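A.B. asks:
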Amino acid sequence: MNIFITGCTSGIGKETVLALAKENHQFFLANRSAEKTAELIKTMQSINPQVQAHAIIVELSSLLSVKKAALDFLQRHQTLDILINNAGVYGQKGLTQDGYEMAFGTNFLAHFFLTHLLQPALSLANNPRIINVASDAHWSAQFTSWDQLRRKTKSLTAFDEYGFSKLANIWHTNEITTQAQYQGIQAYSLHPGVVKTGIWRHIPKPLNYFGAMPFLKTPQEGAKTTLFCIKTNGQFPNGQYFSDCRPAQTSALAQNLQLQKELWNYSLQAIQSI
11 MNIFITGCTS GIGKETVLAL AKENHQFFLA NRSAEKTAEL IKTMQSINPQ
61 VQAHAIIVEL SSLLSVKKAA LDFLQRHQTL DILINNAGVY GQKGLTQDGY
111 EMAFGTNFLA HFFLTHLLQP ALSLANNPRI INVASDAHWS AQFTSWDQLR
161 RKTKSLTAFD EYGFSKLANI WHTNEITTQA QYQGIQAYSL HPGVVKTGIW
211 RHIPKPLNYF GAMPFLKTPQ EGAKTTLFCI KTNGQFPNGQ YFSDCRPAQT
261 SALAQNLQLQ KELWNYSLQA IQSI
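If you read the sequence shown in my numbering, its first letter stands for residue 11, the second for the next number, and so on.
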């Protein structure tokens, strides 16, 4: 299978790739750092010398960079079996290069655009799927207006904005199931758990109570639900949200079909001129 994954040089993304490296898939590793991606490929090859892995360098805070990454793949390959939208930031404040709140632009809009561009390749595959790594942080998300997405990060720890970006990941997953061009593609979103990874590094230590928690999952444990979504064989409804390798409930806001549709249209407009 051809597997495309973002943000896999550390954390649950890395553990997802290392677990899958035991099998003879072809990997497309979309990361910011060429050096760290090269190190990851060496590790994968030590697990399985037959593994095929390709580096795709991307800066998710730039939609133009996302477009170049997708074209890099499409110029070489016609089909894509699995897209794992894994990368995420938390605690980084400000705006993306395109003028969107940092978490929204990086965690959601970049992946919306990437998915949009790779959809034709997914549609040509047998049993393709899209896996969006979301979070139970979406339960804390609030919505006021679409204008909030053009404002700099306001909350002290950026948790509010992070939660909204994860809500957007779930809306994206659910709306995919209604779109004609995605017919035949399975889409799932998931909560990996509260995992001890580098995502906490941008939070000031006095406020970083999550990063200090002794009961955090390991990255290997956090990757299990992603791997479950890859292996599941259509026995769950399209658009299902998972936690701990089983179906889970989403918030009432995540089930707001009107806002879900509005986000889709907002996002299409945002990428139109890129």
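The C-beta atom is built at its ideal place from N, Cα and C for all residues, glycine as well. Nothing here was measured: the structure is a model prediction, and the numbers come from that model.
1. Per the contact definition of three or more C-beta pairs closer than 8 Å, is the region 102-119 in contact with the region 169-187?
2. Quick check: the Cα distance between isoleucine 22 and serine 199, rounded to an integer number of angstroms?
3. Closer than 8 Å by C-beta to lysine 32: which residues in its own chain qualify, once you throw out the five before and the five after it? Chain order, please.
4. Going by the DSSP bridge assignment, what does tyrosine 198 pair with across the sheet?
5. Tell me whether proline 130 sits in a helix, a strand or coil according to DSSP, three-state version.
6. Which same chain residues end up closer than 8 Å to valine 205 when comparing Cβ atoms and leaving out the 5 residues on each side of it in sequence?
7. Would tyrosine 110 and leucine 159 qualify as a contact pair, given that the criterion is a beta-carbon distance under 8 Å?
8. Out of Thr187, Ile284 and Ile281, which one is the CA nearest neighbour of proline 2?
9. Quick check on tyrosine 100: does DSSP put it in helix, strand or coil?
10. Please state if the CB of glycine 173 and the CB of asparagine 96 are separated by a distance shorter than 8 Å.
11. To which residues of the same chain is glutamine 282 closer than 8 Å at the C-beta, ignoring the five residues directly before and after it?
12. Label arginine 361 either buried or exposed according to how many other C-beta atoms from any shown protein chain fall within 10 Å of its C-beta, with 16 as the threshold for buried.
13. Throw me the rounded Cβ distance for the alanine 131 and histidine 87 pair, which I believe falls under 8 Å.
14. Got a sec, what are the start and stop residues for the beta strand (DSSP E) asparagine 248 sits in?
15. With DSSP as the reference, please indicate the residues paired to valine 27 in a beta bridge.
16. So is proline 216 buried or exposed if we call it buried at 16+ other beta carbons inside 10 Å?
17. Quick check on the DSSP output: what are the complete alpha helix (DSSP H) runs of length 4 or more inside the region 48-92, in order along the chain?
18. Which whole-angstrom value is the C-beta distance of threonine 260 and histidine 148, which I expect to be below 8 Å?
19. For alanine 80, does the count of other Cβ atoms within 10 angstroms reach 16, so buried, or fall short, so exposed?
20. Here's the rule: buried if 16 or more other CB atoms are within 10 angstroms of the residue's CB, otherwise exposed. What is isoleucine 284?
21. For the beta strand (DSSP E) holding threonine 235, just list the boundary residues, first then last.
C.D. replies: From the atom records:
1. yes
2. Within the sequence shown, numbered from 1, the residue matching residue 22 stands at position 12. Within the sequence shown, numbered from 1, the residue matching residue 199 stands at position 189. Rounded to whole angstroms, isoleucine 22 to serine 199 spans 15 Å at the Cα level.
3. Translated into the one-based positions of the sequence shown, residue 32 becomes position 22. Excluding positions up to five away in sequence, the list reads Ile57 and Asn58.
4. Residue 198 sits at position 188 when you count from the first residue of the sequence shown. Per DSSP, Ile141.
5. For the purposes of this step, residue 130 is taken as residue 120 along the sequence shown, with counting starting at 1. Assigned with DSSP and collapsed to three states, proline 130 falls in helix.
6. Residue 205 sits at position 195 when you count from the first residue of the sequence shown. Apart from sequence neighbours up to five positions away, the residues of its chain that approach valine 205 with a beta-carbon distance below 8 Å are Gly21, Ile22, Leu226, Lys227, Thr228, Pro229, Glu231 and Gly232, ordered along the chain.
7. Here residue 110 corresponds to residue number 100 of the sequence shown, with the count starting at 1. Here residue 159 corresponds to residue number 149 of the sequence shown, with the count starting at 1. Yes, the Cβ-Cβ distance between tyrosine 110 and leucine 159 is below 8 Å.
8. As shown, the chain starts at 11 and ends at 284. That puts residue 2 outside it, with no answer to give.
9. Position 90 of the sequence shown, counted from the first residue, corresponds to residue 100. Coil, per DSSP.
10. Indexing the sequence shown from 1 puts residue 96 at position 86. Indexing the sequence shown from 1 puts residue 173 at position 163. Their beta carbons are not under 8 Å apart, which means asparagine 96 does not touch glycine 173 by this criterion.
11. Here residue 282 corresponds to residue number 272 of the sequence shown, with the count starting at 1. Sequence-distant Cβ neighbours of glutamine 282 in its own chain, meaning closer than 8 Å and more than five residues away, do not exist here.
12. Only positions 11 to 284 of the chain appear in this structure, which leaves residue 361 out of reach.
13. Residue numbering aside, residue 131 sits at position 121 when the sequence shown is read from its first letter. Residue numbering aside, residue 87 sits at position 77 when the sequence shown is read from its first letter. With 8 Å as the limit, alanine 131 and histidine 87 qualify as a contact, their Cβ atoms being about 7 Å apart.
14. The sequence position of residue 248 within the sequence shown is 238, counting from 1. Counting along the chain, asparagine 248 falls outside any beta strand (DSSP E), and DSSP gives it neither H nor E.
15. Start at 1 with the first residue of the sequence shown, and residue 27 comes out as number 17. Paired residues: none, contrary to the question.
16. Reading the sequence shown from its first residue, position 206 is the one you call residue 216. Any reading at proline 216 needs caution, since the residue's pLDDT is 44, under 50, leaving its predicted position unreliable; the model's value is listed next. When all chains shown are included, proline 216 counts as exposed.
17. 73-84
18. Position 250 of the sequence shown, counted from the first residue, corresponds to residue 260. Position 138 of the sequence shown, counted from the first residue, corresponds to residue 148. Going by Cβ atoms, the distance from threonine 260 to histidine 148 rounds to 7 Å, so yes, they are a contact pair.
19. Along the sequence shown, one-based indexing puts residue 80 at 70. Under this definition alanine 80 is a buried residue.
20. Here residue 284 refers to the residue found at position 274 when the sequence shown is read from its first residue. By the 10 Å Cβ count, isoleucine 284 comes out exposed.
21. Taking the sequence shown and counting its residues from 1, the one referred to as residue 235 is at position 225. Here threonine 235 belongs to no beta strand (DSSP E); instead the alpha helix (DSSP H) covers 234-241.
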